[in-house]
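Undergrad: In UniProt numbering, the protein residues as written are 1 to 351.
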């Protein structure tokens, strides 16, 4: 098939999430002509789940990225709304910086830096297939037939490859809520003899902050003198926003137990591997049956929104038994007059 258009680059990066952005910037900064392809240029570095950077182990990785010239540390220093040093009472090797980001500010700041980078071209494309010759990658074919000829391809596709979203018994194709899945690349990799496996991740419902009685929560203030992620940031002086700590109740645990047969992770609907250290609320209730409560951190998603991320209750039952009318209402801080807003609950991906 003849390509409608042909472009020549040294490196093509597919996917503009956290990994893709850093890969593209690194390639461009060593002088490689680099293309960064994404299905939507308005979602570069979008934080689809918890809008936070760092934490135990992850914070150390962010600092390593910074030491190697990456952007993540500088961008979170500029757009963070809540900074805490975890494990501060332990030795220096255990100190783990964590910051809550202004979700949109982080996204747009990172996109701006990508757009300003010399040797880097951001393109909105749906990738269809890998082009190969004599066992080597020679290019990327995209929807519409255009060909990106290249010497190297970096795949940072995240949750989008042949992805399925699960909300209770309901299923829909999509890399995240509101975005479609990518199918061509999975087929292309399989045709090249590469084994594919399906993984899963989950996310909780988001809450409307106007429906929460924060006076019933424990305030989690940021550090008085936040320590920057980046070695290039001298200090962080912009105002911080409180996070809050609440908990589940025995009532919510009973609802979960009574509806495990409708949860995809327990009904057999999802059989893929999930993240090791991020159990769903169903897992917590089943594995720690003796506990009457589990901590839930209420974390703002930005300075200019009432949306609250509910850290600690990623879940898979549908809205009738889960995230809206029942599951999050029994949080100790919730005003029962209002439901919360559900998002997708579980999703799969292929690599």
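Backbone N, C-alpha and C fix where the C-beta goes; we use that ideal spot for every residue, glycine too.
By DSSP's criteria, residue 155 is part of a beta bridge. Which residues make up the other side?
TA: Residue 155 pairs with 14.
Undergrad: Are the segment 29-40 and the segment 125-133 in contact at 8 Å, needing three or more beta carbon pairs?
TA: Touching, yes.
Undergrad: Would you decide whether residue 349 is buried or exposed? Buried here means 16 or more other CB atoms lie within 10 Å of its CB.
TA: Low confidence applies here, because residue 349 scores a pLDDT of 45, under 50, leaving its location unreliable; read the following figure in that light. Buried.
Undergrad: What is the DSSP secondary structure of residue 215, reduced to helix, strand or coil?
TA: It is helical.
Undergrad: Quick check on residue 284: buried or exposed, where buried means 16 or more other Cβ atoms within 10 Å of its Cβ?
TA: Residue 284 is buried by the Cβ-count criterion.
Undergrad: Using the C-alpha atoms, what's the distance from residue 47 back to residue 140?
TA: Between residue 140 and residue 47, the C-alpha separation is close to 26 Å.
Undergrad: Does residue 102 come out as helix, strand or coil in the three-state DSSP assignment?
TA: Coil at residue 102, not helix or strand.
Undergrad: Taking C-beta to C-beta, are residue 232 and residue 113 nearer than 9 Å?
TA: Not in contact: residue 232 and residue 113 (Cβ atoms no closer than 9 Å).
Undergrad: Who does residue 85 pair with in a DSSP beta bridge?
TA: Per DSSP, 97.
Undergrad: How far does the beta strand (DSSP E) with residue 207 in it reach, from first residue to last?
TA: Looking at the DSSP string, the run of the beta strand (DSSP E) that includes residue 207 is 206-208.
Undergrad: Between 75, 9, 83, which lies nearest to residue 226 when the distance is taken from Cα to Cα?
TA: Cα-wise, what sits closest to residue 226 is 83.
Undergrad: Can you find at least 3 beta carbon pairs, one from the segment 276-296 and one from the segment 247-261, that sit closer than 8 Å?
TA: With the cut-off at 8 Å, the segment 276-296 and the segment 247-261 touch.
Undergrad: On the DSSP bridge assignment, give the partners of residue 363 in chain order.
TA: The shown model of the chain, from 1 to 351, leaves out residue 363, and the question about it has no answer.
Undergrad: Which value, in whole angstroms, describes the spacing of the CA atoms of residue 217 and residue 245?
TA: About 6 Å.
Undergrad: From residue 60 to residue 259, what does the alpha carbon distance come to, in whole angstroms?
TA: Rounded to whole angstroms, residue 60 to residue 259 spans 39 Å at the Cα level.
Undergrad: Considering residue 311, what are the terminal residues of the beta strand (DSSP E) in which it resides?
TA: Unbroken beta strand (DSSP E) run through residue 311: 307-311.
Undergrad: Alpha carbons only, please: which of 221, 173, 265, 58 is nearest the one belonging to residue 297?
TA: Answer by Cα proximity: 221.
Undergrad: What's the gap between the Cα of residue 170 and the Cα of residue 299?
TA: Each residue's Cα considered, the two are about 28 Å apart.
Undergrad: Given a cut-off of 9 Å on the beta-carbon distance, is the pair residue 107 and residue 52 in contact?
TA: Taking 9 Å as the Cβ cut-off, residue 107 and residue 52 do not qualify as a contacting pair.
Undergrad: Fully enclosed by the segment 211-295, which alpha helix (DSSP H) runs are 4 residues long or longer?
TA: Entirely contained in the segment 211-295, the alpha helix (DSSP H) runs reaching 4 residues are, in chain order, 250-258, 264-267, 281-287.
Undergrad: Spell out a yes or no on whether the segment 138-154 and the segment 70-86 are touching, meaning 3 or more CB-CB pairs, one atom from each, closer than 8 Å.
TA: Short answer: they don't touch.
Undergrad: Kindly indicate the opening and closing residues of the beta strand (DSSP E) around residue 123.
TA: Looking at the DSSP string, the run of the beta strand (DSSP E) that includes residue 123 is 120-124.
Undergrad: Throw me the rounded Cβ distance for the residue 144 and residue 4 pair, which I believe falls under 8 Å.
TA: Right, their Cβ atoms sit about 6 Å apart.
Undergrad: Do residue 313 and residue 200 have their CB atoms nearer than 9 Å?
TA: No, the pair does not count as a contact, with Cβ atoms beyond the cut-off.
Undergrad: So residue 8 packs on residue 149, CB below 8 Å; how close in whole Å?
TA: Going by Cβ atoms, the distance from residue 8 to residue 149 rounds to 5 Å, so yes, they are a contact pair.
Undergrad: CB residue 23 to CB residue 156, shorter than 9 Å?
TA: Yes, the pair counts as a contact, with Cβ atoms nearer than the cut-off.
Undergrad: Measure how close the beta-carbons of residue 21 and residue 44 come, nearest whole angstrom, since I'm counting them as under 8 Å.
TA: So it is a contact: roughly 7 Å between Cβ atoms.
Undergrad: Just how far apart, CA to CA, sit residue 97 and residue 54?
TA: Looking at the two C-alpha atoms, the distance is approximately 6 Å.
Undergrad: Could you give the DSSP three-state label for residue 19: helix, strand or coil?
TA: In the structure shown, residue 19 sits in a helix (DSSP, three-state: H, G or I).
Undergrad: Answer yes or no: do residue 154 and residue 56 have a C-beta to C-beta separation smaller than 9 Å?
TA: Not closer than 9 Å, so no.
Undergrad: On the DSSP bridge list, what partners appear for residue 6?
TA: Partner(s): 147.
Undergrad: Roughly how many angstroms lie between the CA atoms of residue 308 and residue 85, to the nearest whole one?
TA: Taking the straight line from one Cα to the other gives about 21 Å.
Undergrad: Buried or exposed: which applies to residue 327, given that a residue is buried once 16 or more other Cβ atoms fall within 10 Å of its Cβ?
TA: With a pLDDT of only 42 at residue 327, under 50, the local geometry of the prediction cannot be trusted, and no value is derived from it.
Undergrad: Considering only residues of the same chain and omitting the five flanking positions on each side of residue 151, which have a CB-CB separation below 6 Å?
TA: Cβ within range, chain order: 10.
Undergrad: Using the Cα positions of residue 256 and residue 117, report the straight-line distance between them to the nearest angstrom.
TA: So the alpha carbons of these two residues sit roughly 49 Å apart.
Undergrad: Helix, strand or coil for residue 79 per DSSP?
TA: The answer is helix: DSSP assigns residue 79 an H, G or I state.
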